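**Student:**
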Amino acid sequence: MIITKQDIPNFLDSLKNNYQVFAPVKQDNYTMFKAITSGSDAILDYSNSKIPPKGILFPQTEELFSYKVDKQGAHLEEKIDSEQKVIFGIRPCDAKSIALLDNVFNNDKYEDPYYLTRRENTVLVGIGCNQPQSTCFCTSVEGGPFDTTNLDLLLVDIGDKYVVEVLTDKGKKVLTSAACSDASEADKQAAAKTKESATVVSKVNLDGLKQKLDSNFYDEIWDSISEKCIGCAACTYSCPTCHCFDIVDEAKDCDGCRVRNWDSCMFPEFTIHGSGHNPRPSGKERFRNRVMHKFKYFIDVNNATACVGCGRCIQNCPVNLDIREVLADIQGSEARSVS
Amino acid sequence: MSGIENAVQDAAKKLLAENKVDVVIGFAQGSQPLRSTPAFIRKPEEAEKLTWNCTCENNLANYLRKKEQKIGVVVKGCDSRSILALMKENQINRDNLYIIGVPCSGMIDRKQVADLCEGKEIIAAECTDDALVLKGHDFEKTVNIVDVLHRSCAACTHKNPVIYDEMVAEAVTEQKEDFADIEAFEAKSTAERRAYLSQELSKCIRCYACRNACPMCYCEQCFVDCSTPEWVGKSASDIQDNMLFQAVRVFHGAGRCTDCGACERACPMGIDLRILTRKLVKDAKELFDAEAGVKMEDKPALSTFESDDPQPFLVKE
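Chains A and B supply the protein sequences, listed in that same order. The first sequence begins at 1 in our numbering and counts up by one. The second sequence begins at 1001 in our numbering and counts up by one.
If you want it as structure tokens, here you go:
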């Protein structure tokens, strides 16, 4: 199928009748995914959003339930968001990250109704990346600029129109709102050519990395690797796969709500024990945890690397601590067995 | 610029070769165009990794607190002021520090450069003494460095380090303090100021990069992280709480903040933090004649009290 770029605002406007529509919009000099009020708010020529759209399914701050205590007793009101949503313009890396998050919120030990309800009611309309950025390394982590993992529709930009690949029934359903025409043979060829010419220049070498991380927990390399890290959460909060959270009660007298907030392993209070013991007392242990979680623990538990190569952590780090260099340093280090 | 770079490398190499320091903290070439990165050099032969150009934006004083080792550090004017302020607060042992001073002509603001390139990705950049040559997939552009200086640098009144063991180049000309930007903000109505700050802080994601990039933010536990009691809500979606976080952060820096701009440069969301920090710099100067990190003998503004101190923020005078 074909949809012209000119028809996109109308497509989004018509989707708004049945869905809450999220799309890339301009904020200052960067792009953010936001709920749009008009189809023309969506920008189509962006490389990647500053903060990933994961927050639409797993908000940075989410009220799980509210409570009230009065003479009649305690009253709970659960907040499950079951509104139908479309995320338009999501990049393949970010779509893939949602497949990774599914492992966290839906597994044999726990099913998270807050995430899963949103997930089930959300349609992912992807736009492939004709020109990946210099910080993108998706092809090194089993992704690609036109990877369709988890997408319901994939749009391939061939100039003034998109060739639409229908990947699921959900995708087919939203497409009924669009003024589509059939793709000609020339359009299909143009799409194939576009896909071929998109080059991801940056690479990381994951060969043998997991085996190294299995045995280098006590390696001296962690001292030097983390030395310049200042311990902020610019990397974790801009990461599409980071998913750690903290739950707090925000209450005034007897009325309040239970809130889930993103947490970051870069923070000193992350998993600090009630006793005051901190299992990760310095930046070294915290940074090691971040790398281990993505490239070892997540593989141990879910058989997948928890990095999609979007490059945001590289772009946003205040001290240019580059994950590609970190991984290369680890690859170069001599693994040392625990004594 | 390469003259300074060579001088920095030579100084570092000598210090390490003579075992005067265990490590030299300076800048190395970063992994992206227009980026330098803090570097920790421990061997004389690694000194050649050190670089100096208009992208050495981090305040390296941030790496010097409570360190046991002997450290050599490459500093700009602002870094040196932070060092002096930290010495006064007993965070740095001067005896263990060797300061390689670099007169600084200012660091560029990557956000302004990105704006000039209309958001198109810069895939290569070259810094000359006074210009940047930027290359993208379909463009090439030359930009004057003075036109894209970070605002802190454009307004800087201490380009030359105030404290050093050696200076690697001739001093540069200083300029006078100009608070016109803050005066313009002060002239706005309360409602306008609140609206502006609300809009700016609505972008905050509570990553605390501003706090962590600041050499003067070193509380063992920051009040925002404390949960018993919870002084401030943890939700990034609450603009009032974001404002409270910044208000406390900025007031804690009153008379200590050197307006180095590290907080604003670290912010991934491009929040105008300097409108707050610089307002306090102005207040400290005008109300208490206090300027952070300039003279060792000046008492820290927050540690002194005179019976005739102005108190316009407490009672109407």
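Every residue, glycine too, gets a C-beta built ideally from N, C-alpha and C. Source: prediction; values computed, not measured.
Can you find a CB in chain B that lies within less than 8 angstroms of the CB of A:VAL319?
**Tutor:** The residue you call residue 319 of chain A lines up with position 319 of the first sequence. Yes, A:VAL319 counts as interfacial toward chain B.
**Student:** Use the C-beta contact count for A:GLN72: other C-beta atoms within 10 angstroms, 16 or more gives buried, fewer gives exposed.
**Tutor:** The residue labelled residue 72 of chain A in the question sits at position 72 within the first sequence. Classification of A:GLN72: exposed, given that the 10 Å Cβ count is below 16.
**Student:** On the three-state DSSP scale, how would you describe B:GLU1057?
**Tutor:** As a working note, residue 1057 of chain B is residue 57 in the second sequence. Correct three-state label for B:GLU1057: coil.
**Student:** Less than 8 angstroms separating the beta-carbons of A:ALA95 and A:THR149?
**Tutor:** In the first sequence, counting from the first residue as 1, residue 95 of chain A sits at position 95. In the first sequence, counting from the first residue as 1, residue 149 of chain A sits at position 149. In this structure, A:THR149 lies closer than 8 angstroms to A:ALA95 by Cβ.
**Student:** Considering Cα atoms alone, identify which of B:GLN1246, B:ASP1298, B:LYS1299 and B:GLU1286 is closest to B:ARG1274.
**Tutor:** In the second sequence, residue 1274 of chain B corresponds to position 274, counting from 1. Among B:GLN1246, B:ASP1298, B:LYS1299 and B:GLU1286, the Cα nearest to that of B:ARG1274 belongs to B:GLN1246.
**Student:** Let me know if A:CYS254 comes out buried or exposed under the rule of 16 or more other beta-carbons within 10 Å of its beta-carbon.
**Tutor:** In the first sequence, residue 254 of chain A corresponds to position 254, counting from 1. Burial call: exposed.
**Student:** So, with DSSP's three-state summary, where would you put B:TRP1052?
**Tutor:** In the second sequence, residue 1052 of chain B corresponds to position 52, counting from 1. Coil, per DSSP.
**Student:** Using only alpha-carbon positions, find the residue among B:GLU1297, B:ALA1301, B:ILE1271 and B:LYS1295 that is nearest to B:LYS1285.
**Tutor:** In the second sequence, the residue the question calls residue 1285 of chain B occupies position 285. Taking only the C-alpha atoms, the option nearest B:LYS1285 is B:ALA1301.
**Student:** Counting Cβ pairs, one atom from each stretch, are 3 or more of them under 8 angstroms apart for the region 1180-1190 of chain B and the region 1226-1237 of chain B?
**Tutor:** The region 1180-1190 of chain B, when compared against the region 1226-1237 of chain B, does not touch it at the 8 angstroms Cβ threshold.
**Student:** Tell me the DSSP bridge mates of A:LYS252?
**Tutor:** As a position in the first sequence, residue 252 of chain A is number 252, starting the count at 1. Answer is A:ASP255, bridged to A:LYS252.
**Student:** In whole angstroms, give me the CA-to-CA distance for B:ALA1017 and B:ASN1006.
**Tutor:** Looking up residue 1017 of chain B in the second sequence gives position 17. Looking up residue 1006 of chain B in the second sequence gives position 6. Each residue's alpha carbon lies about 16 angstroms from the other.
**Student:** Under DSSP, the beta strand (DSSP E) around A:PRO66 begins and ends at which residues?
**Tutor:** Here the question's residue 66 of chain A lines up with position 66 in the first sequence. Reading the sequence as shown, one finds Ser at residue 66 of chain A and not Pro. Run containing A:SER66: 61-70, per the beta strand (DSSP E) assignment.
**Student:** Which one of A:TYR297, A:GLY256 and A:GLN211 has the shortest CA to CA distance from A:GLU78?
**Tutor:** Counted from its first residue, the first sequence places residue 78 of chain A at position 78. Nearest option by C-alpha distance: A:GLY256.
**Student:** Nearest to A:TYR237 by alpha carbon, out of A:ALA179, A:PRO53 and A:LEU327?
**Tutor:** In the first sequence, counting from the first residue as 1, residue 237 of chain A sits at position 237. Of the candidates A:ALA179, A:PRO53 and A:LEU327, the one whose C-alpha sits nearest the C-alpha of A:TYR237 is A:PRO53.
**Student:** Let's see if you can read the secondary structure: which residues bound the beta strand (DSSP E) around A:THR4?
**Tutor:** Locating residue 4 of chain A in the first sequence gives position 4, counting from the first residue. 2-4 is the span of the beta strand (DSSP E), which, as asked, contains A:THR4.
**Student:** Grouping DSSP H, G and I as helix and E and B as strand, with all else coil, what is A:GLN131?
**Tutor:** Residue mapping note: residue 131 of chain A aligns to position 131 of the first sequence, counting from 1. Here A:GLN131 sits in coil by DSSP.
**Student:** Name the chain A residues that come within less than 7 angstroms of B:TYR1208, Cβ to Cβ?
**Tutor:** Taking the second sequence and counting its residues from 1, the one referred to as residue 1208 of chain B is at position 208. The answer, in chain order, is CYS232 and ALA233.
**Student:** Could you have a look at A:TYR297 and say whether DSSP puts it in helix, strand or coil?
**Tutor:** For the purposes of this step, residue 297 of chain A is identified with residue 297 of the first sequence, where counting begins at 1. Residue state, collapsed to three classes: helix.
**Student:** What are the start and end residues of each continuous beta strand (DSSP E) run of 3 or more residues lying completely inside the region 18-105 of chain A, in chain order?
**Tutor:** Qualifying beta strand (DSSP E) stretches, in chain order: 20-27, 30-35, 61-70, 73-78 and 85-90.
**Student:** How about A:LEU154 and A:ILE330: are their beta carbons less than 8 angstroms apart?
**Tutor:** Along the first sequence, one-based indexing puts residue 154 of chain A at 154. Along the first sequence, one-based indexing puts residue 330 of chain A at 330. Going by C-beta atoms, A:LEU154 is not nearer than 8 angstroms to A:ILE330.
**Student:** Quick one: using the 10 Å Cβ neighbour count with 16 as the cut-off for buried, is B:GLN1032 buried or exposed?
**Tutor:** Here residue 1032 of chain B refers to the residue found at position 32 of the second sequence. Buried, by the Cβ-count rule.
**Student:** Which class does B:VAL1172 belong to by DSSP, given the choice of helix, strand or coil?
**Tutor:** Here residue 1172 of chain B refers to the residue found at position 172 when the second sequence is read from its first residue. The answer is coil: DSSP assigns B:VAL1172 none of H, G, I, E or B.
**Student:** Using 8 angstroms as the limit for Cβ to Cβ distance, is A:VAL248 near chain B?
**Tutor:** As a first step, residue 248 of chain A must be located in the first sequence, where it is residue number 248. Yes, contact with chain B.
**Student:** Between B:ARG1265 and chain A, is the shortest Cβ-Cβ distance under 8 angstroms, so that the two count as touching?
**Tutor:** Here residue 1265 of chain B refers to the residue found at position 265 when the second sequence is read from its first residue. Output row for B:ARG1265: interface = yes.
**Student:** Starting from the Cα of B:SER1082, find the closest Cα among B:PRO1215, B:ASP1241 and B:ILE1239 and give me that residue.
**Tutor:** The sequence position of residue 1082 of chain B within the second sequence is 82, counting from 1. Of the listed residues, the one whose Cα sits closest to B:SER1082 is B:PRO1215.
**Student:** Which of helix, strand or coil does DSSP assign to B:THR1037?
**Tutor:** For this step, residue 1037 of chain B is matched to residue 37 along the second sequence. Strand, per DSSP.
**Student:** Roughly how many angstroms lie between the CA atoms of B:LYS1189 and B:ALA1195, to the nearest whole one?
**Tutor:** Residue 1189 of chain B sits at position 189 when you count from the first residue of the second sequence. Residue 1195 of chain B sits at position 195 when you count from the first residue of the second sequence. According to the sequence shown, residue 1189 of chain B is Ser rather than Lys. Answer to the nearest angstrom: the Cα atoms are 10 angstroms apart.
**Student:** Per DSSP, what kind of secondary structure is A:PHE270 in: helix, strand or coil?
**Tutor:** Against the first sequence, residue 270 of chain A aligns to sequence position 270. Of the three classes helix, strand and coil, the one that applies to A:PHE270 here is coil, per DSSP.
**Student:** Excluding five sequence neighbours on each side, which residues of the same chain lie with their C-beta closer than 8 angstroms to the C-beta of A:ASN205?
**Tutor:** Looking up residue 205 of chain A in the first sequence gives position 205. SER140, LEU327, ALA328 and GLN331, listed in sequence order.
**Student:** Could you have a look at B:MET1167 and say whether DSSP puts it in helix, strand or coil?
**Tutor:** Here residue 1167 of chain B refers to the residue found at position 167 when the second sequence is read from its first residue. Strand.
**Student:** Apply the 10 Å Cβ neighbour rule to B:ASP1147 and answer buried if 16 or more other Cβ atoms are within range, or exposed otherwise.
**Tutor:** Numbered from its first residue, the second sequence carries residue 1147 of chain B at position 147. So B:ASP1147 ends up on the exposed side.
**Student:** Among the candidates B:ASP1115, B:PRO1161 and B:ALA1213, whose CA atom is the shortest distance from the CA of B:LYS1141?
**Tutor:** Counted from its first residue, the second sequence places residue 1141 of chain B at position 141. Looking at the Cα atoms, B:ASP1115 is the closest of the given residues.
**Student:** Report, in whole angstroms, the separation of the C-beta atoms of B:ASP1165 and B:ILE1099, which I expect to be a contact under 8 angstroms.
**Tutor:** To locate residue 1165 of chain B, count along the second sequence from 1; it is residue 165. To locate residue 1099 of chain B, count along the second sequence from 1; it is residue 99. That pair is a contact at about 5 angstroms.
**Student:** I'd like the list of long-range same chain contacts for A:ASP7, defined as Cβ closer than 6 angstroms, with 5 residues on each side in sequence excluded.
**Tutor:** Start at 1 with the first residue of the first sequence, and residue 7 of chain A comes out as number 7. Contacts found: ALA179.
**Student:** How is the beta strand (DSSP E) around B:ASN1144 delimited, first residue to last?
**Tutor:** Your numbering for residue 1144 of chain B matches position 144 in the second sequence. Element bounds for B:ASN1144: 1140-1144.
**Student:** Return the CA-CA distance between A:SER215 and B:GLY1101, expressed in angstroms with no decimal places.
**Tutor:** Position 215 of the first sequence, counting from 1, holds the residue named residue 215 of chain A. Position 101 of the second sequence, counting from 1, holds the residue named residue 1101 of chain B. If you take the alpha carbons of A:SER215 and B:GLY1101, they lie about 42 angstroms apart.
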